[in-house]
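Notes for the one structure printed next.
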Amino acid sequence: MSTFRIAFLGECMLELHETTERLAKGFGGDSLNSAIYLSRLVRLVGDSAPVNVSYLTAMGNDSQSDFVLDAIEQEGVDTADVLRIDGKLPGIYLIENDASGERRFHYWRNDSAARYWTQSFDDTGLYEHLKQFDMVYLSGISLAIQFPEQRVRLLEALQRYQATGGHIAFDSNYRPRLWKDAGEAVSAYHQMMAATHIALVTFDDERDLFGDQHPIETVERIQALGCDHVIVKCGADECLVAKGSDVQRVPALRVETVVDTTSAGDSFNAGYLFGETQGLAGEQSAQFGHLLASHVIQAKGAVVSEDCMPSAEQIQSLLIPS
218 MSTFRIAFLG ECMLELHETT ERLAKGFGGD SLNSAIYLSR LVRLVGDSAP VNVSYLTAMG
278 NDSQSDFVLD AIEQEGVDTA DVLRIDGKLP GIYLIENDAS GERRFHYWRN DSAARYWTQS
338 FDDTGLYEHL KQFDMVYLSG ISLAIQFPEQ RVRLLEALQR YQATGGHIAF DSNYRPRLWK
398 DAGEAVSAYH QMMAATHIAL VTFDDERDLF GDQHPIETVE RIQALGCDHV IVKCGADECL
458 VAKGSDVQRV PALRVETVVD TTSAGDSFNA GYLFGETQGL AGEQSAQFGH LLASHVIQAK
518 GAVVSEDCMP SAEQIQSLLI PS
């Protein structure tokens, strides 16, 4: 059985989060979180349907970049394609949580190494770099951190990649502060969705940027742009899974105590993509997403310890084809 190769494109950042006594150091980044959680799920089930998870970004040659990359490699994520750039550093973010587990972020990333990844390739090299993978996953943040002229080049390379048989998964993950204005984000998202095979979006973000009043409006708008397979996440409620005209509503799992929602959407995406790599139906893939997210939000940090993950038995119980 051939190995399915999926690359996650984005930014590796240092994470600082509050504990009862001090600030603790970790690592994260939206697409990185998804890559790590997918890698963990793959390891939990063995080689039934082998998947190689890679990460695409740029890092510095400093000790903190080494710390993050060492941690990623220990998670089973392939970092062979991570570029190292002298004189650049990883971005940093700080998480604050309120009593309900909702979070507030503070970022220091204006000149992070990841912003220089695209410009390290010429146009042909950028496309060839993507072409080695069966699927490329990225987010709205992956696009937003690019310098404007480099974003254009990245979108063109992704469109060429899709046109020659590559598959793209995209989470819009809209963060207004990263864009010049809403119009810039809308233009980039429209181009991105036209080349996307699997859209994994959050309804709150879509409502804020596009004014959608109901998740089904989000499905219809994205499908009209050319992406037929759309998943709309609605927080603690259901998600919508649409493949063409077939729309299913898959309820989330109820959690009694929510500690930190930082990676709720990122872990859901990993669970959904895991189901896709195993050849499962959309409803089962969404159940994987909900299961993983329900565990992740009960612990602190973007990347929770492995003992907070679902058990191998829970994972295996969802692998039975519907």
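Throughout, my numbering is defined as the position within the sequence shown, counted from one, plus 217. Just so you know, even glycine gets a beta-carbon here, dropped at the ideal spot from N, CA and C.
- For the pair G293 and V520, the CB atoms are not nearer than the 8 angstroms cut-off.
- Three or more Cβ pairs drawn from the region 384-402 and the region 419-427 lie within less than 8 angstroms of each other, which places the two stretches in contact.
- Beta bridge pairing from DSSP links H323 with L311.
- L231 is bridged by DSSP to F244 and I309.
- Cβ-Cβ separation between N486 and G499: approximately 14 angstroms, too far for a contact (criterion under 8 angstroms).
- At least 8 angstroms separates the beta-carbon of T296 from that of G227.
- In the DSSP assignment, T419 falls within the unbroken beta strand (DSSP E) covering I415 to T419.
- The beta carbon of L311 sits closer than 6 angstroms to the beta carbons of L233 and H323 from its chain, once the five residues preceding and following it are set aside; these are given in chain order.
- By the criterion of at least three beta-carbon pairs nearer than 8 angstroms, the region 438-450 is in contact with the region 407-415.
- With a cut-off of 8 angstroms on Cβ pairs, the region 346-355 is not in contact with the region 445-463, counting fewer than three such pairs.
- Remark: C-beta atoms of P307 and S337 do not approach each other more closely than 8 angstroms.
- For I532, there is no enclosing beta strand (DSSP E); the residue is part of the alpha helix (DSSP H) that begins and ends at A529 to S534.
- A Cβ-Cβ contact shorter than 8 angstroms links V475 with Q515.
- Assignment of C525 by DSSP, reduced to helix, strand and coil, places it in the helix class.
- In the DSSP annotation of this structure, the continuous segment of the beta strand (DSSP E) that includes S271 starts and ends at V268 to L273.
- If you draw a 10 Å sphere on the C-beta of N278, you find fewer than 16 other C-beta atoms in it, and that means exposed.
- For K348, the enclosing alpha helix (DSSP H) stretches over residues D340 to K348.
- Taking the CA atoms as reference points, I223 sits about 18 angstroms from Q291.
- If you draw a straight line from the Cα of N269 to the Cα of D303, it is about 28 angstroms long.
- As far as DSSP is concerned, S462 takes part in no beta bridge.
- Comparing alpha carbon positions, the residue from L497, Q501, A386 and N314 closest to D483 is A386.
- Non-local C-beta neighbours of S248 in its own chain, meaning closer than 7 angstroms and more than five positions away in sequence, comprise F225, L226, G227, Y354, L355, S356 and S359, ordered along the chain.
- Counting only unbroken stretches of 3 or more residues, the beta strand (DSSP E) elements lying wholly within the region 451-515 are 456-460 and 463-467, in sequence order.
- Residues V270, E292, G293 and V294 of the same chain have their beta carbon placed closer than 7 angstroms to that of S256, with the five preceding and five following residues left out of the count.
- For R260, the CB contacts under 7 angstroms within the same chain, skipping 5 residues up- and downstream, are G293 in chain order.
- If you draw a straight line from the Cα of P527 to the Cα of L258, it is about 9 angstroms long.
- Counting only runs that start and end inside the region 379-433, the beta strand (DSSP E) elements of at least 3 residues fall at 384-388 and 415-419.
- Assigned with DSSP and collapsed to three states, R438 falls in helix.
- For V285, there is no enclosing beta strand (DSSP E); the residue is part of the alpha helix (DSSP H) that begins and ends at S280 to Q291.
- About 4 angstroms separates the beta carbons of S511 and L470, which is inside the 8 angstroms limit, making them a contact pair.
- Around L343, the same chain offers T335, R370, L371 and A374 as residues with beta carbons nearer than 8 angstroms, after the five sequence neighbours per side are excluded.
- Between the alpha carbons of V464 and E313 lies a distance of about 36 angstroms.
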